Amino acid sequence: MIQFEDAWVTESSPEIVAFELAPLRELFQRCEEEGLVFGFIHNHPAGPAQFSDMDEENERTLIKALRNRNGHDITFVAMLWADGQWLARTRKGGCPEIAVPVRHTLVLGERITLYGYKESSDEHTEVQARQAAAFGKPFVDMLQSLRIGVAGNGGTGSPFATLGARGGIGELVLLDKDPLAASNLNRVRGLMKADVGFVKSDTLKNFIEGIGLSVKVASIASDVDTDPVAVDALASCDVIVGCTDDFAGRELMNAALYAYAQPLIDIGLGGKVDDGLDGHPYLRYHYGRISTILPEHGQCLFCQGVIKDIWIQAQLARRENPDITAEELKDRYLEDGGTDAPGVGPFTSASADFAVATLFDLIKPFRRFPPEVRRDMFFVDFVKMEIHSHETVGNPDCSYCRAHEFLLLKESCRLNRPFLGKRDDFC
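When we follow the numbering used here, the leftmost residue of the sequence shown carries the number 15, and every step to the right adds one.
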């Protein structure tokens with residue numbers, strides 16, 4: 015962000031502001047060279063809480079100058095702070111006279127704050143009436159404005175997506191390339207035996223659309239860490255929900271939450287099964303984990319101990335050679351990660367329910383955390399019937415959550431990973 019200097023202003027009053035264009039041409043050049051979008055942010059200290067005729071004139075002047083310098087394939091963003099609210103709109107170089115209001119402006123801190131979302135004019139239908147009664151009508155409108163990406167559509171992703179759709183999420187992006195297996199039917203929501211063999215994300219999309227609610231759903235059958243389309247889809251979301259046991263996918267989402275300034279709610283399960291005295295297995299422990307990470311708040315997945323480099327590399331090695339042995343991994347100083355946690359429906363669904371409630375709490379905080387429970391990571395112990403957290407030391411020099419080297423990353427290609435290609439460039 016570059017502050018507009020007083021020397022650039024040629025005239026200023028409560029009704030008018032005029033400025034020189036020459037000092038801005040250097041910024042126009044930088045936008046072209048670095049692939050940036052030029053934006054103009056201002057306020058109305060005592061003016062109307064809407065864009066004025068003078069704003070319209072100034073925006074057209076700016077986009078005309080920008081288009082003359084950088085060509086027609088440009089985007090211009092205008093933001094206005096007035097009466098305690100953000101308003102924003104965009105223009106394209108091809109039709110600069112048309113200003114398109116944004117769906118909303120999302121501001122991140124320890125929670126989500128939405129401005130400029132569409133307020134419903136009618137009373138909420140019976141479907142959302144109870145949530146409006148519990149959290150207020152603005153909450154329902156804000157949830158309706160959000161686009162949520164759900165990576166992994168199995169035991170935790172499918173209950174999150176189905177409950178989220180029923181709860182009033184406006185748009186869902188479902189990502190999962192795996193076909194439904196018969197062994198998934200004990201815990202995957204919305205899918206039937208007839209769906210075995212079909213891709214989970216596509217089938218789940220059909221189920222949610224069949225509920226008949228207003229939610230819009232897109233499905234992408236691919237790995238989030240290898241497909242440029244999946245990365246772009248995630249980048250377009252307001253919030254990402256990680257529901258995969260894939261370490262490489264989690265690593266990409268961990269980077270994306272900082273690069274694209276998105277909250278990440280990551281769901282995991284862990285446990286251990288022992289043999290009982292009666293010769294039958296029993297659950298020694300079993301838990302669900304909810305990690306909630308915002309770009310400037312909370313430890314990243316590495317510092318929480320959810321992912322490790324050796325686990326990621328081991329997984330990539332298994333992708334390359336599915337027959338690789340544990341001994342061969344050990345020779346490479348790699349090891350498989352995770353814990354022996356059988357997928358049991360009540361536990362996966364309960365963890366997903368906690369994640370939906372976590373999303374609600376980000377929009378309108380209602381939880382009262384005891385001192386011993388962390389906001390960025392807590393566990394639901396299904397055996398001891400406890401909610402708890404534990405301390406994680408983390409890396410004091412972590413490039414993600416400490417040094418913030420990835421925050422609003424300047425990209426030469428997607429997440430600066432050449433194999434993902436340049437933004438909006440597909441093979």
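For glycine and all other residues, C-beta sits at the position ideal for the given N, C-alpha and C. Keep in mind it's a predicted model, so treat the numbers as computed, not measured.
- Straight through space, the alpha carbons of Tyr347 and Val116 are spaced by roughly 49 Å.
- Spanning the alpha carbons of Val31 and Asn72 requires a straight line of approximately 8 Å.
- By the neighbour-count criterion, in which a residue is buried when 16 or more other Cβ atoms sit within 10 angstroms of its Cβ, Arg333 is exposed.
- Note that the C-beta distance between Ile326 and Ala244 is not below 8 Å.
- Counting the other Cβ atoms within 10 Å of the Cβ of Lys219 gives 16 or more, which makes it buried.
- Taking 8 Å as the cut-off, the beta carbon of Val187 is found no closer than this to the beta carbon of Phe174.
- Three or more pairs of CB atoms, one per stretch, sit closer than 8 Å, so the stretch 273-292 contacts the stretch 307-321.
- The stretch 201-213 and the stretch 359-375 touch, with three or more beta-carbon pairs separated by less than 8 Å.
- Counting C-beta atoms within 10 angstroms of its own C-beta, Pro242 has 16 or more neighbours from the protein chains shown and is therefore classed as buried.
- Across the set Asp252, Ala92 and Arg416, the C-alpha of Ala92 shows the shortest separation from the C-alpha of Phe54.
- Residue pairing for Val213: DSSP places it in a beta bridge opposite Pro193.
- Secondary structure at Ile183: coil, using DSSP grouped into helix, strand and coil.
- Counting of Cβ neighbours within 10 angstroms places Ile162 among the buried residues, the total reaching 16 or more.
- Nearest C-alpha to Lys78 among Pro62, Arg39 and Asp97: Arg39.
- Under DSSP, Val229 forms no beta bridge with any residue.
- For Lys378, no beta strand (DSSP E) run applies, since DSSP gives it neither H nor E.
- Taking Asp87 as the centre and dropping the five residues before and after it, the same chain places the C-beta of Gly107 closer than 7 Å to its C-beta, in chain order.
- Ranking Tyr272, Ser233 and Thr339 by CA distance to the CA of Cys412 puts Tyr272 first.
- For Ala113, the enclosing beta strand (DSSP E) starts and ends at Cys109 to Pro115.
- By the 16-neighbour rule on beta-carbons within 10 angstroms, Leu160 is buried.
- Taking Gly408 as the centre and dropping the five residues before and after it, the same chain places the C-beta of Gln313 and Cys317 closer than 6 Å to its C-beta, in chain order.
- Annotated as proximal: Arg381 and Asp375, with beta-carbon spacing under 8 Å.
- According to the DSSP assignment, Leu101 belongs to the beta strand (DSSP E) that extends over Gln99 to Lys106.
- With contacts defined by Cβ atoms closer than 8 Å, Tyr301 and Val370 do not form a contacting pair.
- If you ignore the 5 residues before and after Asn268, its C-beta comes within less than 6 Å of the C-beta of Cys314 and Leu315, all in its own chain and listed in chain order.
- DSSP, read as helix, strand or coil, puts Met399 in coil.
- The C-alpha of Asp246 lies about 32 Å from the C-alpha of Ala96.
- Leu50 counts as exposed, since fewer than 16 other C-beta atoms from the protein chains shown sit within 10 angstroms of its C-beta.
- Distance check between Asn57 and each of Leu330, Glu29 and Ile324 places Glu29 closest, using alpha-carbon atoms only.
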